[in-house]
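I have placed the structure first, in the form of C-alpha cells, so that the comments after it can refer back to it.
2 protein chains.
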Amino acid sequence: MGDESDRTGKMTAALRKAGIRVTRQRIALLAVLAEAVDHPDAVELHERAKRLEPTVSLATVYRTLSVLEEEGVVHRHSFQGGGARFETTHEDHHDHILDIDTGEVIEFQSNKIEQLQEEIARELGYDVVHHRLELYCRKKL
Amino acid sequence: MGDESDRTGKMTAALRKAGIRVTRQRIALLAVLAEAVDHPDAVELHERAKRLEPTVSLATVYRTLSVLEEEGVVHRHSFQGGGARFETTHEDHHDHILDIDTGEVIEFQSNKIEQLQEEIARELGYDVVHHRLELYCRKKL
DNA sequence: GTTTGTGCAAAGCATTTGCAGCTGG
DNA sequence: CCAGCTGCAAATGCTTTGCACAAAC
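Protein chains in written order, with this note's numbering: chain A, 24 to 164; chain B, 24 to 164.
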C-alpha cells in the first residue's frame, strides 16, 4: 500500500512536472494503473477507474493514457488480437510471453537477445531505436 | 518471368487444393503478390490488382487475403502504425527490421535468437507456438 | 443448375476529435 | 477568472459482413 501510493505520487508528480492539471479523473486512472499487475486494455482500465470516480469517460481514459505515454509513465503494447494494453513503466526493460489460451502476460528479460538484435541491425547498417519481441506460447503439459 | 508464373501457378494450385474456386479477381491478386518484393498493405495490393483486373474490389482483396493466410500462402504482419501488410510465404522463416523513416522492410534471420527464445519459454514452462520480432531502426550515418 | 464468389454499401471495433460546458490553480 | 479538462456524440481508419447478382464447375 505504501508502495502503491508512492507510485501514484510519482505519477501525479510527473503530471505536475509536465504542466498538466491534476484532475479527479486522472488521479483515479493513475491509482488504477499503479495497482494493476496485469496488462489491462483501455476498456478494462475505464471500468476499474469508474469504481473510484464514476464520472470518468472512456475518451478521457484514452486521452490520459496518451499523455502518460508521452511522458514515459506508461507503455502501450499492441499484442495480437484486440486492442492496446497498458502497463506502468518500470525500471528494467523487458519483453513479453503471451499465453495463447488464457491471454495472460508474462514478462521476461534477455540481455543476450538484446545484444544479438543490435549486432544484426549494425551489420545491416542500422541502429535499433526500439523493438518488439513477443512469444506467443502454450503451457507445457 | 518463369519464376513468377511458377509462383502464381503454385498459388492457384493451392486454391484448387483447398477446394476454392479460381476466379479472375483471385488470379490478379495472386499475380500481384507473386511479383511483390516489398510488404504491401491491402489498399496497395488492391491498386496493383486493379491494373490487371479492374473489377476487383477491396472487399475481395481482404477476403482473398484471409483465405490465403489460412492456407499458409501469405503472411499477415501488423507492424506499428497503419494497417496490416502482406507477403507471400517463403521457405525460410525470418523476422523484420523496419526503417522508421522510410517504412522500408528488411528481412533477417537469426537461429541464435530463435534458440534463446525457446530456451526462455521452456524455463518458464511454455512452448513457443509463434513469435513476433521487429526491430524499429534508423539508418546509421 | 447449384454452390460459391463478388461488388456495393452498411456495419464493426478500437481509438480520436469537435464542441459546449465544467473546473482546477 | 481563464486556460485547460471533460463528457458526449459524431468521426475516423481499417477491416468485415449482409445481400442480391454474377460466374465457376
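For each residue, glycine too, the CB sits at the ideal point set by N, CA and C.
query                                                                                                                        : result
Listed by chain order, chain A residues near B:H153 by CB distance under 7 Å                                                 : Y159
Proximity test, Cβ basis, 8 Å: A:G106 and chain B                                                                            : no
Beta-carbon contacts of B:G105 that lie in its chain and below 8 Å, excluding the five residues immediately before and after : D64
Neighbour list for B:A144 in chain A, Cβ cutoff strictly below 7 Å                                                           : I120, L158 and C160
For A:L147, the three-state DSSP class (helix, strand or coil)                                                               : coil
Contact under 8 Å by Cβ, B:D122 with B:K162                                                                                  : yes
Residues, ordered as in the chain, of the segment 81–111 of chain A that lie near chain B by beta-carbon distance below 8 Å  : S101 and Q103
B:T83: first and last residue of the uninterrupted alpha helix (DSSP H) it sits in                                           : L81 to E93
Minimum Cβ-Cβ distance from A:D64 to chain B less than 8 Å                                                                   : no
Where the alpha helix (DSSP H) containing B:V55 begins and where it ends                                                     : R47 to E58
B:G148 at chain A interface by Cβ criterion, 8 Å                                                                             : yes
Pairwise C-alpha distance: B:V90 and B:R44                                                                                   : 11 Å
Close beta carbons around B:Y85, own chain, < 7 Å, minus the five adjacent residues each side                                : A65
Whole-number beta carbon distance between A:V97 and A:L56, since they are thought to touch under 8 Å                         : 6 Å
Segment limits, alpha helix (DSSP H) that includes A:L68                                                                     : A65 to L75
Within-8 Å CB hit, B:Q138 to chain A                                                                                         : no
At least 3 beta-carbon pairs within less than 8 Å: the segment 73–83 of chain B vs the segment 100–115 of chain B            : no
Alpha carbon of A:T35 to alpha carbon of A:Q132, nearest angstrom                                                            : 28 Å
Bridge partner(s) assigned by DSSP for A:V128                                                                                : A:L121
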